[in-house]
Amino acid sequence: MSRDEDPQDGGFAQFERFLEEWSRRDFLKRTGGAAAYLAFMAGGAELLAACAGGGTTSQTPKKGGHVVEGNFSDIRTLNSMLSSDTASNQVIGLMFDGLLNQKKNGDLIPALASKLPDTSSDGLTYTFKLRSNLKFSDGHPLTSEDVKFTYQIAFDPQYKAFASPRRGDLEKYIASVDTPDPLTVVIKTTQVFAPFLGAHAEYGILPKHVLGSLDGAALNSADFNSAPTVTNGPFKFVKWDKGQQVTLERNDNYWAGAPYLDQYIYKVLPDSVAVTNQLKTGEIDIGPVDPGQYDALKTTDSVVLTEFPTPTFTFYAYNLDPAKPAGKLFADKAVRQALLFALNRQQIVTAVFFGHGQVANSVEPPTSWTYKEKPKVLYTFDKAMAESLLDGAGWAKGPDGIRAKNGVKLKFTMITNAGNKQRESMLQVMQQSWHDIGVDATPSLIQFPQLVTQIVDTRTFDVFLVGFNWSVDPDEAPLYHSRNTAPGGFNGAFFKNDQVDQILDQALGTLDRSKRKELYGQFQDIMSDEVPSPVILFNTGIWGVNKRVQGTDFGPFNQFQLRAWTNKIFVTDGK
Amino acid sequence: MHETSVKALSRAWTTNEPLVSISDLRVWFPVASGVMQRTIGHVHAVDGVDLEIKAGETLGLVGESGCGKSTLGRAVTRLLEPTGGTVRFKGEDITHIRGGHLRALRREMAMIFQDPYASLDPRQTVGDIIGEPIDVHRLAKGKERQDRIRELLRVVGMNPRYADRYPHEFSGGQRQRIGIARALAVEPTFIVCDEPISALDVSIQAQIINLLENLQSKFKLTYLFIAHDLSVVKHISNRIAVMYLGKVMEVAPASQLYRRPRHPYTGSLMSAIPIPDPAIELRRERFILQGDVASPVNPPSGCRFRTRCPRAREHCAEETPPLEAFGSDQWAACFYPLD
Amino acid sequence: MTQPLLEVRDLHTVFSTKEGTVKAVDGVSFDLTPGETLGIVGESGCGKSVTALSVMRLQRPGKIVSGKVMFKGQDLTKLSEYEMREIRGREIAMIFQDPMTSLNPVFQVGWQVGEPTRLHHGWGAKKALASAVNMLSRVGIPSAESRANDYPHQFSGGMRQRAMIAMGLTTTPQVLIADEPTTALDVTIQAQILDLLRHVNREFGTATILITHNLGVVAGMCERIIVMYAGKVVESGPTKDVFAHPTHPYTWSLLRSIPRLDAEKHEPLKPIEGVPPNLADLPTGCAFHPRCVFRVDRCTRDVPALLRVGESQLAACWVTQAGGELTGA
Amino acid sequence: MLAKYIARRFLASVIVVLGVTVITLLLMNSTRGSYVPGIDLNPALRPEDIARLRANLGLDRPFYEWYMSWIWAVLHGDFGRSMIDGSPVMSHILDRLPNTLELTGTAIVIGVLISVPLGVIGALRRGSKTDHVLTVVSVAGFAVPQFWMGLMLILIFSVTLQQHGLPWLPSSGAFSAYAGGDILDRILHLILPATVLSFFYLSVWSRFIRSSMLEVLSQDYIRTARAKGMSERRVVYLHGLRNALIPLITLIGLELPGLVSGGLVVEVVFGWPGIGKLAFERALQYDYSTVMGVTFFATLLVIAGNLLADLLYGVLDPRIRYS
Amino acid sequence: MIGPSRVAELDVPAAGVETGAARPAQSYWNESWERLRANRVGMAAGLLIVVFALIALLAPLFSLVVTHVQPQTINLDDTFFRPGLRHLLGTDELGRDTLTRLIWGARVSLGVAFLTVAMSLSVGTTVGMVAGYYGGWIDDVLMRFVDMVLAIPAIFLFILMSILFRPNAITLAAIVASVGWGSVARLVRGEVLSVKQRDFILATRSIGAGDARLMVRHLLPNVLPVLIVAASLGVGQIILIEAALDFLGLGIQPPTPSWGNMLTNAQSYFFRSGFLVAFPGITIFITVLASNIFGNAVRDAFDPRLKS
């Protein structure tokens, strides 16, 4: 899929979350992203939900009690069609279900829909059947009209004033949403688009009987956005103490069965150190754990740690735009390869992420069904290889130890955002590693808005280092399709390869999984050879859960939202 | 070089004329108030004063605090720009001169201040303080400048070696001598002495008074001697002007003023001053004024003194008494003068 | 002779400074008889104020190292702080030089004037205020009732000094110590305050110690005066005798150095040359000898004691004690 | 007179407020680049999405136009809506204000309650051992980085105490996430942040009181008070302290703007949902309307603080008259 | 006219030449210095600052001779070393030598502090002096501007400016000074207004001195003690502000070490290595403490009126 073909929202939300974190001050080393141990992954994804919390299965669920989840991202809105950040999506997910949901391994499962939709033979029409007797928390029935309304406000020109971040995509792909009967929703798309369901079928459905009377502008500022009176998910809204927490309570009308918990609280914390501290003190029950804090929590008896590979990763990109000075340095792929050979990525994972991550062999994450363990070129730490590649490409060491070719020194600047501890460290390791082979790379930390501008707008950089997160769909067009070299596009490396463009387009328009797998295999081979923006590592997701909490089931694709198991969480101490 | 500037100022002036003549001089300070800081009134610090100072004489100026005597002194030396009226120095109107002209005037006039602690810059050496006028007017440089500073110190009765010391190392009397040396450094013809001894110890006052008298005769100086202590003023002055609330109440030769004051205020002022002689004090008729001085923001109508005056009548509130001559050399502004 | 009300004997008060111990009051003795007005004259730093403060035991941070202050049969220097508080403001009242700063700016004048009676007589606020108003009007504050509610800054300088005097008188003390009460005031106001003090002295029979540097003021106010120089009494006696025939060169020179309003002809002043000595570094012998025109050899060596010279005066001077005359141009 | 005085001060402040908002906006505008608040860098957004959102936020207009309409709305009591979350800026401020007041207010009260006696003791026992100890403590208190102290307190009083099974203090937020909010709970949450903040005030103010007290005790009216025969306690606490406290009022009044930036570090460390934290987070996200709203509000606080200090000064010190 | 010849004729009363002032010439500065020297604790604190400053200046030498590593030298095999012989104060998460980083950090932290003080003082003094001396509308305009600068919550300025200028030691100093000069200007203006009242200013004008001379020769030296006190007390405060900005992510960016960002970096490794938090924390504390003590000593020495 391409940049235009939005991958599933969750994926990019995760990415946005990173960006958001960049802009925070951060001695709390944010995890850059990336995946880990294959063995763990293999078993982990198939574990039973009840086991994931680490407790024993012999516990019988009991009604009552509460759970506090802590995180260091504040939420912005509680309207599913306005939200574009992970924290908001996470809280919205506790209150609103979409048509579909997904398992932790990314498999789609029905939610408000009674089963996965029927797809027309041309691949353009999806027909959803809703579960019967769906109710909002106020008892009002939830029908296909509510579904239609939810999609309408984000793509119907009539609601143009409604500032939904989904409008661009929905306008492009949705031809119509029809409701032949109260339980049936027919979505016609404008083109075959493989990730459509994963990306657009999971938006929380909004109550038309509450919001239907508002126009686009009024929807932007509706009270509902910060205090949704009516929900359809496991929990109902109680209150939002801005800057501190959102309190939710059980929705007895939940279609999948009312949750065991009386209350679910999302609490905003200052930073990842605070998350660790409060997991220790029991002030919070659930929280994401920074790799640097792993050992500190491991010894805490009351907390169980869960770790699994994720499609989150850290990569750096060369500026290949021939119009830019750096474009000339990096035009020769030998240089790009040499620089990657010179990096001891395993050492980075061990030192910077304390081993919580996996060195990447491919641009596809190990969590993907398209992952190719051994693409065309494999990069291990090999200084000699790096030096010989550079020598071969005509970059000879000068008297100062820095390589040069035709009077141009192999000298450039690497940028990342200020405040991300791990990225700061990585840049320094890169500087030293590359200096060892006669390359003069200077690290430079800049504030987030500048970084954004430089990467996607002006493309005034030599090398940048950022993190990213893929969704369950293997499409990687946003980073690598030449279409996205246009201003605003995310192909900051300015990577243009006709063959790659063709493969990515073809794979997006194909619904056949095996065909796609083959195409993405070719894609990975090419990318391993071209290395326009090498991935350093895939992160693991680490969650700390208090022993008293049972029923959590974290995995690569349901860490923050799309947690189909929230109504199954219970507490053993009844508090 | 300074010759030219002196000449420029004194072109039309002959020694027969008064050195300084002040006519209808007014200095008002605005009192602001209200939302826009509008000026709602004025402190009538000096409010229509006419005086003449003859070359070589000492004119004493007495009055209680707040009567405007210091303001008058500063207006005459153009440290303040008058609100109205004129000041002539050597026949030239200096009321509003500026720039180089004013600088030239600064060489003709000097000032000695009341507080010898506040009037010397504590961060400068004595030599720098005295040398500053020399530098400002480029009168001398290098060794010549040093010599001049030493001479000035000797002139005021101080050890020339003190030039590199700081004011705080000296007693009040010594500091006042330094202040006098600074005033002399520009070689002035006219010096305004603003309460030069009132901050000094009793036993030191006479030293300074004698020094001032001595210098006057040596350098042919003209003094405007401002003080609240009538005994001192009477001792040092040829003539005395008595001020009350911004106006001159009486002008007379010093001895005449004591012997025969015409203005009731002068009379009560005389009577209030204790004389260090029990024999006289015990017999003295006391003439104690009641109440306090009125506000200079809203001075009383007519005669300023009428609110405290035992002789005041209705007429005094209606009209301001002008200065009228009593004999050849005495003037008083009173409708019902003392005999 | 009547029994003295207050007897000060050989009082020594010292201050510790960086330059050493300063003997601010160095063996001062005097008596105060009931109803009299005693003047203490001297230049700034001569110890006259510290003497008064020592009598009140308010000389801090100075220390009274020896001597007695006998008041109604008890030695004030031996009293406990608590007992001393009973004397202060009740038996002996004190007013100070600067009426601007001697009143607490944040309290109403009536409240402050009434405070001594609340402290010493245990009067309630109402009664104390009423007596304060009464006293304010007796010291000549017009419409005292309303002015009692004013704050000190709303009073003129003269009125403030009147209020200070009223404050001293509310408890009808037997001694009033007035420390330079008119120095900060204009002459016409000074005349008013001096008049008031005379009046108080007559009406209340309060014995007054008047401290001043102004010889003219004591000349008209006091029966007896004490002249101090460098922490010591150098001369004392009936005012008229001291003025007529000073027996200490300091007094003698001082009288000649000040211009007199009644001087008939212009004669040059006879200044006392030099400066008052640094108390931390006194000259040997008589402290005045470096400035003294009559000094003899002995003056530079030995400190003269305060002894009777002539009929009624005491002087600390080798010259006059030996029968010398103070004359000269 | 007083009303006039306030009115004049108010008019003078208008210029300051306008200037402050202009400076803030100029700075924000010149540093923003192509960054659109609230959108971050979401590849799901198409250029037309971004253009629409930009227009929606009014950012397609020149900044002076934006400013004019903003200030116009503000003059009509409308602070606009946050560019990040669409909630009214005023509601953001009002949501956080009570928390900030609670924290800063407590810290100021504790600061005053402790610093005044310490300062007085220091002044009375000047040069004594007690005085030296107090001096050292206060100078040291002034030398500890606030955030460091906060983190240390969390480690000691929350984490470590809890690990040893001892009673411990909560480390973040203004109340317990679950079933919190009663007074005891809020007080428990207040202890650590208020300690850090008041420690700072305390260090400054106790020194201030000490020197102010020393100066007052050397005044003539203190001698007058002693000469009246009153006890030293009465002299110090009635006649002395009353005067010494007056300048402290100014200092405290000047702390009002500290609501926004003074407690910021403490709020961030302790996750205290106050205005400072809001301002900080929103400034980093270029939430123009919120930043401008908070700036406006903060500037008003500065002015109000100064005015309040002056007025209180007038109440306590009768010498001050407004003219 | 007074010439040497005429003066010689003058009869100078012999006794008028007073003996006093037996001590050697004592300027205000000398006296203050004497007082300062007498304050042993204050001098020790000042000495400490000087030593730190020297160490900071000689940081490259230390790297070369003592620790043999650069502050940025990474050794991923030697992370989280405890203090010992190989690394006197241990190493951090990238195996960088803590002592080396502290020494180089001193360059930044002290450098920023001194530079900020210098900038705030020079701008603030100029503005305050001009405003206070000329008064009137000049005063109004300048002080309204100062009001504005001081009314903006400083944190906004810091955030926005740290984005506008990438923080390095010099820009960070400029950023902090952009707020700091305002209070200096107020301070100086107040002092100028009070000095202006004193008679010696009038006296200097009465002998014909111009504005420039009055400001440079008379006002400045008389305002200087206040400035010196403000400067010596300011250094410690700016080190703290710098650390707080580092904490908020607005300060000096790694890999350049500053005490503040070292401390901030170390927070997340507290459980792993307490030393990483302790050393920069203690260094900041000691330096700021020393600077405050020295500042107080300077204040006592230069302004005996305030001496406690």
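Protein chains in written order, with the working numbering: chain A, 1 to 575; chain B, 576 to 914; chain C, 915 to 1243; chain D, 1244 to 1566; chain E, 1567 to 1874.
Beta carbons are placed, not taken as given, at the ideal position from N, Cα and C, and that holds for glycine.
Quick caveat: nothing in here was measured; it's all calculated off a predicted structure.
Straight-line gap, E/Asp-1706 to C/Val-1131 (C-alpha atoms, nearest Å) | 49 Å
Determine the chain E residues that contact D/Val-1545 at a beta-carbon separation under 7 Å, and present them in chain order.
-> Ala-1717
Residues near E/Ala-1751 by beta carbon distance below 6 Å, same chain, minus five either side = Gly-1690, Val-1693, Gly-1694, Val-1712
Return no unless some Cβ of chain D is closer than 7 Å to the Cβ of E/Ile-1773.
-> no
Three CB pairs or more closer than 8 Å across the stretch 296-315 of chain A and the stretch 536-554 of chain A = yes
Segment contact flag, the stretch 174-182 of chain A with the stretch 231-244 of chain A, C-beta cutoff 8 Å, min 3 pairs | no
Proximity test, Cβ basis, 7 Å: A/Ala-163 and chain D | Contacts with chain D at 7 Å (Cβ-Cβ) include A/Ala-163.
What did DSSP end up calling A/Tyr-264 once you bin it into helix, strand or coil?
-> strand
Is DSSP giving C/Leu-1228 helix, strand or coil here?
-> strand
Which residues of chain D have a Cβ atom closer than 8 Å to the Cβ of E/Val-1693, listed in chain order?
-> The premise fails here: E/Val-1693 is roughly 15 Å from chain D at the closest Cβ pair, so nothing lies under 8 Å.
Return yes when at least one heavy atom of the ligand COA lies under 6 Å from the C-beta of E/Ala-1769, else no.
-> For the ligand COA, the structure offers nothing, since it holds no ligand at all.
Which same chain residues, not among the five before or five after A/Gly-282, have their C-beta less than 7 Å away from its C-beta?
-> Ser-302, Asn-546
Determine, using beta carbons only, whether A/Phe-27 comes closer than 7 Å to chain E.
-> The pLDDT assigned to A/Phe-27 is 30, lower than 50, so where the model puts this residue is not dependable; a value taken from the coordinates is nonetheless given after this. Yes - at least one Cβ of chain E is within 7 Å of the one on A/Phe-27.
Under 8 Å Cβ-Cβ, which residues of chain E neighbour A/Pro-443?
-> Pro-1821
Secondary structure at D/His-1482, three-state DSSP: helix, strand or coil?
-> helix
Do you know offhand how far E/Trp-1825's Cα is from E/Val-1631's?
-> 22 Å
Please state whether DSSP places A/Asn-277 in a helix, a strand or coil.
-> Of the three classes helix, strand and coil, the one that applies to A/Asn-277 here is helix, per DSSP.
From the beta carbon of E/Asn-1605, is the nearest beta carbon of chain D less than 7 Å away?
-> no
What is the DSSP secondary structure of E/Leu-1655, reduced to helix, strand or coil?
-> coil
Chain B contacts from the stretch 1119-1135 of chain C (Cβ-Cβ distance under 7 Å) | His-1127, Asn-1128, Leu-1129, Gly-1130, Val-1131, Ala-1133, Gly-1134
Flag B/Leu-655 as yes if its beta-carbon sits less than 7 Å from any beta-carbon of chain C, otherwise no.
-> no
When the distance is taken between beta carbons, is C/Val-1233 closer than 7 Å to C/Phe-1208?
-> Yes.
Near D/Thr-1438, what residues of its chain come up, given a Cβ to Cβ distance below 7 Å and the 5 sequence neighbours on each side ignored?
-> Leu-1396
Can you list, in chain order, the stretches of the alpha helix (DSSP H) that have 4 or more residues and sit fully within the stretch 456-487 of chain A?
-> 477-480
Secondary structure of B/Asp-914, DSSP reduced to three states = Secondary structure of B/Asp-914 (DSSP, three-state): coil.
When DSSP labels each residue in this structure, what does E/Thr-1822 get in the three-state scheme?
-> coil
For the beta strand (DSSP E) containing A/Phe-308, list its first residue and its last residue.
-> Looking at the DSSP string, the run of the beta strand (DSSP E) that includes A/Phe-308 is 303-318.
For chain A, find out if any of its Cβ atoms is closer than 7 Å to the Cβ of D/Leu-1555; answer yes or no.
-> no
Check whether the Cβ atoms of A/Ser-80 and A/Gly-216 sit closer than 7 Å, and answer yes or no.
-> no
Beta-carbon contacts of A/Lys-188 that lie in its chain and below 7 Å, excluding the five residues immediately before and after | Leu-124, Thr-125, Ala-175, Ser-176, listed in sequence order.
Contacts of D/Met-1271 in chain E (Cβ-Cβ under 8 Å) | Leu-1726
Determine which residues share a DSSP beta bridge with A/Pro-288 and list them.
-> A/Trp-543
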